[in-house]
C-alpha cells in the first residue's frame, strides 16, 4: 500500500514517527520514545537571542522562514533571523551583519569538526559579528544535518548541548 507522509514542517517529521512505526509493524513503544525525545529536546528554554543559521559559506547562504532549521531555532526559544523571505537565502556579508546575530548556527554536513570559522563562514568570519566575537557560534557537522527527517533529532540535541555550553545571550 501507499502512504503519504508530508515532510514540509518539523511537526510533520515528528508526526511521521508513529505512522512509520505502524507501517513497520512496531508496537508503538519505540515511536513513543522517539517522539518524547523530540519534545524534550525542543523545550523553548534556550536564550539564543537573534540567531542566524548559515547553510553555506560560498556563496554565503542562510536559512529563512519555512525551513526545518528555522523552526528548530524558534522552538528552542531563539529568535531566528531573517524573519521574512525564502527558506534559503543568499546574502553578502554586509546583509548578514545587518541581521545583527547574537548566535550563529553553522550547518556544515560532513565538514571537519575542527574547521576554522574562516573556513565555515568565509568572508563573514572577519566582519566583526558580535556572535563571532563573543564565541556564540554553534557548528553542526553531522552528515545528515540538512535532511528533513527524524535525523533532525540529533541536530536538535547537538544544538541544545552546544547552546547550554556557551550559555545564554548576555542580558537575556
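Residue numbers (this note's numbering): 2 to 173. We put the beta carbon where it would ideally sit given N, CA and C, even for glycine.
### Query
Who are the near neighbours of residue 20 in its chain, counting only those whose CB is closer than 8 Å to its CB and skipping five residues on each side?
By one-based count along the chain shown, residue 20 stands at place 19. So the qualifying residues of the chain are 4 and 6.
### Which of helix, strand or coil DSSP assigns to residue 137
Along the chain shown, read from residue 1 onward, the residue named residue 137 stands at position 136. Three-state DSSP puts residue 137 in coil, outside helix and strand.
### Query
If you draw a straight line from the C-alpha of residue 39 to the C-alpha of residue 100, how long is it?
Here the question's residue 39 lines up with position 38 in the chain shown. Here the question's residue 100 lines up with position 99 in the chain shown. Using only the alpha carbons, I get a separation of about 29 Å.
### Task
Tell me whether the beta-carbon of residue 90 lies closer than 8 Å to the beta-carbon of residue 83.
Mapped onto the chain shown, residue 90 falls at position 89. Mapped onto the chain shown, residue 83 falls at position 82. Here residue 90 is near residue 83, since their CB atoms are less than 8 Å apart.
### Query
Which word fits residue 92, buried or exposed, when buried means at least 16 other C-beta atoms lie within 10 angstroms of its C-beta?
By 1-based counting over the chain shown, the position of residue 92 is 91. With a 10 Å radius around the Cβ and a threshold of 16 neighbouring Cβ atoms, residue 92 comes out buried.
### Task
With a cut-off of 8 Å on the beta carbons, I'd call residue 106 and residue 121 a contact; round off their distance for me.
Numbered from its first residue, the chain shown carries residue 106 at position 105. Numbered from its first residue, the chain shown carries residue 121 at position 120. About 11 Å; that fails the 8 Å criterion.
### Reduced DSSP secondary structure (H/G/I, E/B, other) of residue 90
By one-based count along the chain shown, residue 90 stands at place 89. Note: residue 90 maps to strand in three-state DSSP.
### Task
On the DSSP bridge assignment, give the partners of residue 28 in chain order.
Start at 1 with the first residue of the chain shown, and residue 28 comes out as number 27. Note: residue 28 sits in no beta bridge, so no partner.
### Query
Is residue 159 closer than 8 Å to residue 103 when the C-beta atoms are compared?
By one-based count along the chain shown, residue 103 stands at place 102. By one-based count along the chain shown, residue 159 stands at place 158. No; because the gap between Cβ atoms is not below 8 Å, this pair is not in contact.
### Query
What three-state label does DSSP hand residue 37 in the structure shown?
On the chain shown, position 36 is the one that residue 37 refers to. Reduced to three states, the DSSP call for residue 37 is helix.
#### Entry: Backbone secondary structure at residue 61 - three-state DSSP
If you number the chain shown from 1, residue 61 lands on position 60. In the structure shown, residue 61 sits in a strand (DSSP, three-state: E or B).
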